[in-house]
Ligand code: NAD
Ligand code: TDX
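Residue numbers (my numbering): 1 to 332.
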């Protein structure tokens, strides 16, 4: 199995999950090690690692030719960065996916494409509907527009060239190894480093949070029994939990008052609500999330995540001041 972007947040967790639960896979990783990738995440694991760019057709061709399956996580993944400079998003998310698709076509290799809920745009806060496999695309940011473009390429390669591919759209992940630019680890490490947690705007926005291990389990369900050419939406039914509630819960779980955070400048074009209807993967492939509590759906998963950041300062401390400096320059 070739895993692209395996040194990033979800890729790292997916590889660890695979080695533990599906040890028959031999894993090869292709990762450029951008600011978001960290080789230390994989140190000591029984994998083969290549530092390289998914846009480099020679490297991609050679690695794909030796694989039976490609699971494609590599991407520029942060919305706020795409608002500052969209160019790496165009390059990696579009050109990189194209280069993988061509190699997969040449070597007739199974391909799973990791998409996102954001390609569907957003829902109004008072709209109770959910995204499903048939929701039309309406991306809002340079990040989500390039992810949408890469999905279209995959579907075109399935239809025009008959490649053996599947696509999944997962909602917001949380868990260990997530870069501290993202909402949940940013707040946890703010508290651990004596800073005040930062909420964009009013914090009424809703994300359908899912623990990263539940995402990995869903991808494996698709690899084992998904139908080629099909798309699967993945979510944990947390679409009743807004950002304010999440930040309060983090404060509470870390021994602070639930309102020990500050409001900062909102994200331009901020998507309001994401909600996933994951009934297809539950019904057809028998997948369901493990991390679902009754109140917020995420108390247990957050407790583990907080403990992990507390115990792994080496993962985040060296980058913390610089990440906060660049947020401060945006009033965030
Ligand atoms: P991440 O930013 O933590 O990791 C991305 C990884 O890709 C890094 O290791 C980076 O070095 C690597 N990479 C970037 N450009 C590359 C290139 N040109 N060539 C090779 N490697 C390159 O991202 P993540 O949060 O782990 O997301 C992984 C995937 O899951 C992405 O495709 C993202 O769109 C999707 N996704 C993420 C979430 C989420 O909540 N984080 C939710 C749904 C879908
Ligand atoms: O400091 C913050 N304060 C805050 O209120 C940050 C960094 C974010 N936020 C808000 C913005 C969003 O409403 O929290 C929410 C989550 O923000 P992010 O962690 O940046 O995630 P989001 O923009 O929702 O996108 C994520 O989910 C979908 C991933 O980064 C994407 O890669 C994935 O496709």
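Ideal placement from N, C-alpha and C gives every residue a C-beta, glycine not left out.
query                                                                                                                                                              : result
If you check the beta carbons only, do residue 210 and residue 172 fall under 8 Å apart?                                                                           : yes
Applying the criterion that 16 or more other CB atoms from any shown protein chain within 10 Å of the CB defines a buried residue, is residue 9 buried or exposed? : buried
Nearer than 7 Å: is that true of the beta carbon of residue 118 relative to any heavy atom of the ligand TDX?                                                      : yes
Whose CA, out of 217, 168, 243, 227, lies closest to the CA of residue 203?                                                                                        : 243
CB-CB under 8 Å to residue 259, same chain, minus the five flanking residues each way: which ones, in chain order?                                                 : 248, 251
Return yes when the C-beta of residue 203 is under 7 Å from any heavy atom of the ligand TDX, and no when it is not.                                               : yes
For residue 143, which option in 117, 158, 164, 134 has the closest C-alpha, if you only look at C-alpha atoms?                                                    : 117
If the criterion is Cβ atoms closer than 8 Å, does the pair residue 100 and residue 72 meet it?                                                                    : yes
Using 8 Å as the threshold, is the C-beta distance between residue 226 and residue 285 below it?                                                                   : yes
Do residue 331 and residue 270 have their beta-carbon atoms positioned less than 8 Å apart in this structure?                                                      : no
Quick check on the DSSP output: the beta strand (DSSP E) that includes residue 48 runs from which residue to which?                                                : 47-51
With a threshold of 16 other CB atoms inside 10 Å of the CB of residue 20, please say whether the residue is buried or exposed.                                    : exposed
At what residues does the alpha helix (DSSP H) containing residue 131 begin and finish?                                                                            : Looking at the DSSP string, residue 131 is not in any alpha helix (DSSP H), and its letter there is neither H nor E.
Can you tell me whether residue 295 is buried or exposed? The criterion is at least 16 other CB atoms within 10 Å of its CB, across all chains shown.              : exposed
Could you tell me the alpha carbon to alpha carbon distance between residue 150 and residue 23, rounded to whole angstroms?                                        : 30 Å
Span of the alpha helix (DSSP H) holding residue 189?                                                                                                              : 183-192
Does the Cβ of residue 251 lie closer than 7 Å to at least one heavy atom of the ligand NAD?                                                                       : no
Considering Cα atoms alone, identify which of 42, 29, 322, 306 is closest to residue 191.                                                                          : 306
Using beta-carbon positions only, say whether residue 158 and residue 109 come within less than 8 Å of one another.                                                : no
Could you have a look at residue 54 and say whether DSSP puts it in helix, strand or coil?                                                                         : coil
When you compare only the Cα positions, how much space is there between residue 329 and residue 96?                                                                : 30 Å
Mapping DSSP to helix, strand and coil, what is residue 278?                                                                                                       : coil
Could you tell me how far apart the beta carbons of residue 298 and residue 130 are, in whole angstroms, since I believe they sit closer than 8 Å?                 : Wrong, their Cβ atoms sit about 18 Å apart, outside the cutoff.
Less than 7 Å separating the Cβ of residue 76 from some heavy atom of the ligand NAD?                                                                              : yes
Pick helix, strand or coil for residue 238, following the three-state DSSP scheme.                                                                                 : coil
Given that a residue counts as buried once 16 or more other Cβ atoms are within 10 Å of its Cβ, and exposed if not, what is residue 43?                            : exposed
Which of helix, strand or coil does DSSP assign to residue 260?                                                                                                    : coil
Identify every residue that forms a DSSP beta bridge with residue 219.                                                                                             : Paired residue(s): none; residue 219 is not in a bridge.
Which residue or residues does DSSP assign as beta-bridge partners of residue 273?                                                                                 : 123, 206
Which residue's Cα is closest to the Cα of residue 198: 208, 183, 98, 55?                                                                                          : 183
Would you call the CB atoms of residue 166 and residue 228 closer than 8 Å?                                                                                        : yes
Using a Cβ-Cβ cut-off of 6 Å (strictly less than) and excluding sequence neighbours within five positions of residue 181, which residues of its own chain qualify? : 78, 323
Mind checking residue 302: buried by the 16 CB within 10 Å criterion, or exposed?                                                                                  : buried
When burial is assigned at 16 or more other CB atoms within 10 Å of the CB, is residue 162 buried or exposed?                                                      : exposed
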